[in-house]
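Heads up: the sequence shown runs through residues 3 to 181, numbered per the working numbering.
All residues carry an ideal CB built from backbone N, CA and C; glycine is no exception.
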Amino acid sequence: MSTYCDIAPGHPDHGPYHDTEYGFPVRDDDRLFERLVLEINQAGLSWLTILRKRAAFREAFDDFAVERVARYDARRRARLLQNAGIIRNRLKIDAAVENAKRILALRRTHGSFANWLDAHHPRDKDAWVRLFKKTFVFTGGEITGSFLLSTGYLPGAHAPGCPVHARLAKLGSHLEFQP
Ligand SMILES: [Zn+2]
């Protein structure tokens, strides 16, 4: 079976994501929120579709500024539903807004989304999924697992033989890494 590490390198869309983002720790809350929203939007679609729409997503969602998205009203959501650049799915758009609100709540208790993730790291995937289910919306096992793999909170994003695997190993554990 070929893995993402086999198909991504050199690909115009997958390549840069694989080489510089996938599995790398993320500290910035807006960027973490972006990844969560993108993973939610991938449900039922290919990751390639999402990567190709990423620029349009950033534009449509105010570059994933958590405070701004948390304030989107019914009119703003209706406008997003008309935006052909993104995935026009009411449930996914509502999930982005609701999850932005949930992240603001985590900031009040933990200072940031990243701090909240760190506070619960490490734990196994099942425990993360239970935690995400009670903390966020639209975060089932697959979406939660993909989000945590892609942000380095679960191991195994890259195949052992992948050059990026070695680069990430050199960075050390997630909590020691400081960009
Ligand atoms: Zn890889």
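- Per DSSP, the unbroken alpha helix (DSSP H) holding Asn101 starts and ends at Arg92 to His112.
- Residue environment analysis places Ala102 among the buried positions, since at least 16 neighbouring C-beta atoms fall within 10 angstroms of its C-beta.
- Selection Glu61, Arg109 and Gly12 evaluated against Asp31 yields Arg109 as nearest (Cα-Cα).
- Around the beta-carbon of Gln84, fewer than 16 other beta-carbon atoms lie within 10 Å, marking it exposed.
- The continuous alpha helix (DSSP H) containing Arg70 extends over residues Val68 to Ala72.
- Rounded to the nearest angstrom, the Cβ distance from Ile89 to Leu47 is 7 Å, consistent with a contact under 8 Å.
- Annotation for Leu119: the continuous alpha helix (DSSP H) segment containing it runs Phe115 to His122.
- If you compare the alpha carbons of Glu36, Val28 and Arg56 with that of His16, the shortest gap goes to Arg56.
- In this structure the segment 11–27 does not lie against the segment 122–139, because fewer than three pairs of beta carbons, one per stretch, are closer than 8 Å.
- No heavy atom of ligand 1 is found nearer than 7 Å to the CB of Ala168.
- Secondary structure of Leu156 (DSSP, three-state): coil.
- Per DSSP, reduced to three states, the secondary structure at Ser4 is coil, with no helix or strand assignment.
- For Ala161, the shortest C-beta to heavy atom distance toward ligand 1 is below 7 Å.
- Within 7 Å of the C-beta of His20 there is at least one heavy atom belonging to ligand 1.
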